[in-house]
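Presented below is the structure to which this report refers.
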Amino acid sequence: MADGNTTTPKKKLRLGMAPAPVSRAERIARLSRELAEMDADRAVTTLGARDVDRPLKTTVSLCPTCLAHVPALVFERAGRVIMTKRCPDHGASEALVESDARYYALSNKDRVGRRFAEDRTFHIPEFLGAATGCCAPGESCDTGDGTDQSANRTCTILVEVTDACNLACKVCYSESAGDRYLPLAEFQKTILALIEQKGRLDSVQVTGGESTLHPQFWEMIDFLYRLDGVGKIYVPTNGLRLAKEEERARFAPFADKIMVLLQFDALSRTANQTIRGAEPADLRRRIIESLDALGVPMQLTMTIARGVNEAELGDVVDVALAHHAVKLVALQPVTWSGRYELDMDPMERLTLSDVARAVHERARLRMRREDFVPIPCSHPNCGWITVFLRRFGMVHNVVRYVDMEKAMERVAYKTLMSTSEIREVVGTDDRSVIHKVAGWIGGRLVKSTDMFSIAIKPFMDRHSYDQDRIASCCHHITDTQGRARSFCEYNALDRRSDPWSRFPRIEELQR
195 MADGNTTTPK KKLRLGMAPA PVSRAERIAR LSRELAEMDA DRAVTTLGAR DVDRPLKTTV
255 SLCPTCLAHV PALVFERAGR VIMTKRCPDH GASEALVESD ARYYALSNKD RVGRRFAEDR
315 TFHIPEFLGA ATGCCAPGES CDTGDGTDQS ANRTCTILVE VTDACNLACK VCYSESAGDR
375 YLPLAEFQKT ILALIEQKGR LDSVQVTGGE STLHPQFWEM IDFLYRLDGV GKIYVPTNGL
435 RLAKEEERAR FAPFADKIMV LLQFDALSRT ANQTIRGAEP ADLRRRIIES LDALGVPMQL
495 TMTIARGVNE AELGDVVDVA LAHHAVKLVA LQPVTWSGRY ELDMDPMERL TLSDVARAVH
555 ERARLRMRRE DFVPIPCSHP NCGWITVFLR RFGMVHNVVR YVDMEKAMER VAYKTLMSTS
615 EIREVVGTDD RSVIHKVAGW IGGRLVKSTD MFSIAIKPFM DRHSYDQDRI ASCCHHITDT
675 QGRARSFCEY NALDRRSDPW SRFPRIEELQ R
């Protein structure tokens with residue numbers, strides 16, 4: 195211009211066009227920065243939390259209506275832990291996170307928002323970048339369609355090989371009802387790629403749907419069995435395909451590396467009908483007897499719904515203890531992802547402490563509620579476990595004899611432990627003679643084959659979703675592209691937008 199001044203041209207409006215979409219990663223990062231700047235008082239006011247006894251932390255959660263990422267505050271109220279969140283479109287909502295605040299812990303990995311209760315922080319040893327989060331402080335990694343899990347240890351990876359199932363359970367996180375199957379060659383490619391990325395896979399779950407329906411199921415098991423890069427093979431199953439003895443016997447050659455994760459929710463008809471729409475308890479008892487005789491390791495997986503089957507928890511544990519091949523009982527409070535046809539109230543869900551109390555009260559075991567401890571891996575609220583020594587006809591809890599400081603360092607990020615590793619952490623800091631003797635004996639007699647465990651795994655859904663737990667997840671599932679994803683994030687956010695339509699139907703594989 196003649197006067198030497200310059201004028202910045204105005205940006206042209208893109209009439210009739212929507213604004214450029216904000217990626218999931220960008221939204222989480224922005225919310226994280228905003229939350230990191232809030233002190234406790236401001237967080238309570240901004241998020242409209244009611245009746246707050248003590249703020250614990252801020253994080254990023256999900257709006258239960260639209261599934262948008264939203265700011266959230268976790269706090270104590272009357273001895274319980276509540277999460278409140280606020281969506282700009284759907285307003286405020288609350289969800290129960292923990293019925294007993296004593297069971298809720300923060301983590302040194304919590305970096306999405308801001309921690310207010312450092313005295314409640316549980317320290318998990320560092321593993322690569324996982325112990326400090328995948329990204330910079332106040333941020334959460336994202337690949338564009340899911341939180342990046344590449345820096346996290348994969349303690350277990352679920353590979354879904356079919357979306358077909360021979361049950362129509364009323365509770366099913368994957369909402370299985372399809373007829374598609376992952377081809378063997380693609381399964382092999384996925385596993386080899388994961389091994390290359392992770393170095394080694396402690397355990398691979400061949401799952402579905404019902405994985406035993408896959409026409410190439412046994413070829414998949416044989417492939418995994420021969421791979422040095424795979425530690426253990428887990429097969430979750432409802433058991434219906436194992437009705438014949440000859441089918442159960444096919445697991446025997448793989449017994450040193452395989453574990454059958456048998457669905458076992460209850461003994462009563464009423465509870466089984468309510469959860470599964472079927473009555474498979476008698477068949478499952480026969481399967482347990484048969485696999486026990488064959489020496490095939492098992493886990494009994496009990497999905498627990500409030501008011502339906504928690505009263506039968508002791509019966510399930512009794513069945514497990516009567517069979518030496520049952521190494522673990524996994525207790526999973528229902529998660530409201532996928533298909534869920536029971537009553538649902540976000541403020542009345544079963545939490546970790548509810549299940550721990552039920553074990554203490556109903557299982558005929560000499561143990562305390564305090565004998566459950568966090569699994570030292572992804573996050574202290576992601577799973578708790580207690581361990582028993584089962585030998586000489588006795589069952590004795592050994593958690594109280596474990597040197598927890600040593601265990602946190604030696605056991606962290608391990609799903610598999612050798613006898614020598616177990617012996618190394620079985621000791622005691624207790625000064626009494628009887629405890630020192632018990633620790634000395636346990637440390638010399640204990641073998642990995644003698645261990646029996648009860649684990650509690652409270653998965654998250656749209657109500658209880660906490661991005662801190664997602665960012666440090668170690669319980670992974672592959673999407674249809676073969677990428678490792680956080681199990682809870684995938685089920686809460688992405689499963690329905692990741693269809694199986696590109697895979698062949700069963701009749702195409704059988705041609």
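Take any residue in the sequence shown, note its place counting from 1, add 194, and you have its number in this note's numbering. Every residue, glycine too, gets a C-beta built ideally from N, C-alpha and C.
(request) Could you name the residues of the same chain whose beta carbon sits closer than 7 Å to that of residue 423, not counting the 5 residues immediately before and after it, in chain order? (result) 389, 394, 395
(message) Looking at the strands, I want to know which residues DSSP matches up with residue 300.
(response) 315
(request) For residue 239, count neighbouring C-beta atoms within 10 Å of its own C-beta (all shown protein chains included) and say buried if the count is 16 or more, exposed if not. (result) exposed
(request) Could you tell me whether the segment 662-675 touches the segment 346-353, using the rule of 3 or more Cβ pairs below 8 Å? (result) yes
(request) Along the alpha helix (DSSP H) that carries residue 445, what are the first and last residues, could you check? (result) Per DSSP, residue 445 belongs to no alpha helix (DSSP H) and is neither H nor E.
(message) Just verifying my parser: in three-state terms, what is the DSSP assignment at residue 590?
(response) strand
(request) Check each candidate in 686, 313, 365, 223 and name the one with the smallest Cα separation from residue 403. (result) 365
(request) Report yes if the CB atom of residue 511 is closer than 8 Å to the CB atom of residue 385, and no otherwise. (result) no
(request) Note the first and the last residue of the continuous alpha helix (DSSP H) segment covering residue 419. (result) 411-419
(request) Could you check how far apart the C-beta atoms of residue 251 and residue 290 are, in whole angstroms? I think they sit under 8 Å. (result) Between residue 290 and residue 251 the Cβ distance is about 16 Å, and since that is not below 8 Å, they are no contact.
(request) Enumerate, from N- to C-terminal direction, the unbroken beta strand (DSSP E) stretches of 3 or more residues contained entirely within the segment 500-554. (result) 520-527
(message) I need the boundaries of the beta strand (DSSP E) containing residue 493, first residue and last residue.
(response) 492-498
(message) Using a 10 Å radius around the Cβ and a threshold of 16 neighbouring Cβ atoms, would you call residue 433 buried or exposed?
(response) buried
(request) With residue 288 as the anchor, note down where its beta strand (DSSP E) starts and where it stops. (result) 285-292
(message) Here's the rule I'm using: 16 or more other beta-carbon atoms within 10 Å means buried, otherwise exposed. How should residue 489 be labelled?
(response) exposed
(request) Specify, as a first and last residue, the run of the alpha helix (DSSP H) that residue 477 falls within. (result) 475-488
(request) Please state whether DSSP places residue 681 in a helix, a strand or coil. (result) helix
(message) Considering only the alpha carbon of each residue, which of 408, 593, 573 lies closest to residue 581?
(response) 593
(message) Taking 8 Å as the cut-off, does the segment 372-380 touch the segment 686-703 (at least 3 CB pairs, one atom from each stretch)?
(response) yes
(request) Output the distance between the C-alpha atoms of residue 229 and residue 702, rounded to the nearest integer angstrom. (result) 51 Å
(request) Using the DSSP secondary-structure output, state which residues sit across from residue 352 in a beta bridge. (result) 399, 671
(request) Quick one: measure Cβ to Cβ for residue 547 and residue 245, integer angstroms, because I've assumed they're closer than 8 Å. (result) Going by Cβ atoms, the distance from residue 547 to residue 245 rounds to 20 Å, so no, they are not a contact pair.
(message) In the DSSP assignment, the alpha helix (DSSP H) including residue 381 goes from what residue to what residue?
(response) 378-392
(message) Is the separation between the beta-carbon of residue 458 and that of residue 406 shorter than 8 Å?
(response) no
(request) With distances taken Cα to Cα, identify the nearest neighbour of residue 578 among 525, 261, 535. (result) 525
(message) Please report the straight-line C-alpha distance between residue 530 and residue 312, rounded to a whole angstrom.
(response) 30 Å
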